[in-house]
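Below is one structure, written out as structure tokens, with a few remarks after it.
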Amino acid sequence: MSVRTSVIGLNPRGAALAKAIAAAGHDVVVWDEAGAQAEPVEGVRRVDSPQVAFTASLVLMCVDDYDAVQRVLGQAEAHIVSTDLVNLTSGTSEQAEQAAGWVQARGGHYLDGALMAHPEHVGQPETVLVYSGSREVFERHQGSLAHIGGATYLGSTPGTAALYDVAMLNFAWATLIGFLQTTALLGTAQVQATTVAPLLTHWLSTTVTEVITDYARQVDDHRYPGDQEWLELDAPLMDHLIDAVRARGLDTALPELIKSLTARGIDAGHGKDSFASLVEILRG
């Protein structure tokens, strides 16, 4: 018997997806390769095969990797025809493109997605999810996808969401390692991380967001006016940071990386340009 929504994969993210959609009153079934060994999900029922799961009008897949994606799709191949599949498994753009081609060649409809949050954030409207691939699938199931979090459609190329995933993770990791370096440095003066966090989050939401918006225009225009700040002005401050970090016995890798990129930017002729000009060094 057909069901409304199936969730394939009961890892923490998959289980959170199933819970969020079930909590919205939808009929949800789940299936996982681990069978009865997989953790139960309250409020949803299990089916005993991926073939049964693929009879749903919407199939959400969130397994551990693309090897698992291919195994599941192979088992359900005969049921792919006319399936609306939303794949939230993390991977590369190339893997998403290959999966989309495989599904489409068998008559199915493929939408790739990326969940930009931890499992505990699933179901909150402010949680960011991005999708690419079949516009028809996105539009048909936008109401269901809204129960997972905020949904942004990025276009018809299936690999775009996966590229956003790794690019935004790059931003998150770079930002968070900066936060950890800051807390380690201030911790040498017995400043608690919980003390500095409110100041940092306020600074991020005001000044830093304005800088990012300004830099975005500069990057797109390939013009980096240094009328407010420029690399040759920033460079000595980076020396001060490295000296302070080293003097307190902390790891200097992060500030030295920033200093190295800046020195390369100056050597490339960007000394009077803004910090945004370092994108040209990163572009190689």
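For the sequence shown, the working numbering assigns the number 7 to the initial residue and increments by one for each residue that follows.
Virtual Cβ for every residue (Gly too), placed ideally from N, Cα, C.
- The beta carbon of threonine 98 sits closer than 7 Å to the beta carbons of Ala168 from its chain, once the five residues preceding and following it are set aside; these are given in chain order.
- Threonine 158 is bridged by DSSP to Val136.
- The shortest CA-to-CA distance from threonine 200 to any of Thr213, Leu186, His32, Ala120 is the one to Leu186.
- If the five residues before and after valine 109 are omitted, its C-beta is found closer than 8 Å to the C-beta atoms of Leu79, Ile86, Thr89, Leu91, His115, Tyr116, all from its own chain and listed in chain order.
- Per the Cβ contact rule, the region 12–19 is in contact with the region 30–37 (3 or more Cβ pairs under 8 Å).
- Taking 8 Å as the cut-off, the Cβ atoms of methionine 244 and lysine 265 count as close.
- Contact check for isoleucine 272 against threonine 258 fails: the beta carbons are separated by 8 Å or more.
- Per the C-alpha coordinates, the member of His153, Phe144, His208, Val134 positioned closest to methionine 174 is Val134.
- Residue environment analysis places serine 96 among the buried positions, since at least 16 neighbouring C-beta atoms fall within 10 angstroms of its C-beta.
- Closest by C-alpha distance to leucine 206, out of Leu182, Tyr221, Thr219, is Leu182.
- Distance from the CA atom of valine 251 to the CA atom of leucine 260, rounded to whole angstroms, is 10 Å.
- Relative to the Cα of proline 231, the nearest Cα in the group Leu121, Glu132, Ser283 belongs to Ser283.
- Beta-bridge analysis with DSSP links glycine 119 to Tyr137.
- For the set Ala84, Tyr72, Val47, the Cα lying nearest the Cα of threonine 61 is the one of Ala84.
- Aspartate 90 sits in a strand when the DSSP states are folded into three classes.
- A check of alpha carbon separations from leucine 210 across Gly107, Arg229, Ala178, Gln43 identifies Ala178 as the nearest.
- Leucine 267 and isoleucine 287 have their C-alpha atoms some 7 Å from each other.
- Of the candidates Glu262, Asp226, Arg223, Ala269, Ala269 places its Cα closest to the Cα of leucine 239.
- A residue is called buried when at least 16 other Cβ atoms come within 10 angstroms of its Cβ; histidine 153 meets this threshold and is buried.
- The DSSP-derived three-state label of arginine 77 is helix.
- The beta carbons of alanine 157 and tyrosine 170 sit no closer together than 8 Å.
- Beta-bridge pairing by DSSP links threonine 11 to Val34, Leu64.
- Taking C-beta atoms under 8 Å as the contact rule, proline 164 and alanine 102 qualify, at a distance of about 5 Å.
- Residue environment: asparagine 176 is assigned as exposed (fewer than 16 neighbouring CB atoms within 10 Å of its CB, all protein chains considered).
- Looking at the backbone, the Cα of glycine 31 and that of tyrosine 72 are separated by about 30 Å.
- For the set His276, Val217, His246, the Cα lying nearest the Cα of tryptophan 236 is the one of His276.
- If you draw a straight line from the Cα of proline 125 to the Cα of alanine 24, it is about 11 Å long.
- Histidine 208 sits exposed, since fewer than 16 C-beta atoms from the chains shown fall within 10 Å of its C-beta.
- In the three-state DSSP reduction, arginine 289 falls in the coil class, being neither helix nor strand.
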